[in-house]
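*Asks:* Can you read through this structure? Questions will come right after.
Residue numbers (the numbering used here): 931 to 1046.
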């Protein structure tokens, strides 16, 4: 919480960053918590983490999903309302992210069935 508060205090007043500073400070704060939790789990249980499987694959899926959504959003007719374009973009982003997670084997169909 201290890291997030400090970064908010530093970043939000910067004119070029403004509210984006809040997102950056949240990311930094939660990243610190994540790393701290992983270290604690490793020390207590000796569990090993495959960072490629846990972080890099989902990040790659997110990046690809972003670019797919951006491309589709730019090709959508400008005669549509901004709200319709936004809703279509969100649906496309969710679908493309889910499909990419399955294609890159970050999530299996067996895991999806347990969500019921």
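We put the CB at the ideal spot given by N, CA and C, even for glycine. This one's a predicted model, so the numbers in the text were calculated from it and none came from an experiment.
(1) From this set, 1023, 1034, 1027 and 1016, which residue's C-alpha is nearest residue 999's C-alpha?
(2) Going straight from the alpha carbon of residue 971 to that of residue 964, what length do you get?
(3) Write down the C-beta distance between residue 1006 and residue 1015 rounded to the nearest angstrom, noting that I regard them as a contact closer than 8 Å.
(4) Is DSSP giving residue 1027 helix, strand or coil here?
(5) Relative to the C-alpha of residue 962, which candidate in 934, 1026, 1044 and 1046 has its C-alpha closest?
(6) Since residue 1031 and residue 991 are thought to touch, with beta carbons under 8 Å apart, how far apart are those beta carbons, to the nearest angstrom?
(7) First and last residue of the alpha helix (DSSP H) that includes residue 939?
(8) Mind checking which residues open and close the alpha helix (DSSP H) that includes residue 1000?
(9) Can you give the Cα-Cα distance for residue 948 and residue 954, rounded to whole angstroms?
*Replies:* Reading it off the structure:
(1) Position 69 of the chain shown, counted from the first residue, corresponds to residue 999. Residue 1023 is the option with its Cα nearest to residue 999.
(2) On the chain shown, position 41 is the one that residue 971 refers to. On the chain shown, position 34 is the one that residue 964 refers to. Distance between the alpha carbons of residue 971 and residue 964 is about 11 Å.
(3) Start at 1 with the first residue of the chain shown, and residue 1006 comes out as number 76. Start at 1 with the first residue of the chain shown, and residue 1015 comes out as number 85. Between residue 1015 and residue 1006 the Cβ distance is about 6 Å, and since that is below 8 Å, they are a contact.
(4) By 1-based counting over the chain shown, the position of residue 1027 is 97. Note: residue 1027 maps to helix in three-state DSSP.
(5) Taking the chain shown and counting its residues from 1, the one referred to as residue 962 is at position 32. Comparing Cα-Cα distances from residue 962 to each of 934, 1026, 1044 and 1046, the minimum goes to 934.
(6) Counted from its first residue, the chain shown places residue 1031 at position 101. Counted from its first residue, the chain shown places residue 991 at position 61. Between residue 991 and residue 1031 the Cβ distance is about 5 Å, and since that is below 8 Å, they are a contact.
(7) As a working mapping, residue 939 is identified with position 9 in the chain shown. Residue 939 -> alpha helix (DSSP H) spans 932 to 941.
(8) Counting from 1 along the chain shown, the entry for residue 1000 is found at position 70. Per DSSP, residue 1000 belongs to the alpha helix (DSSP H) from 987 to 1005.
(9) Against the chain shown, residue 948 aligns to sequence position 18. Against the chain shown, residue 954 aligns to sequence position 24. Rounded to whole angstroms, residue 948 to residue 954 spans 10 Å at the Cα level.
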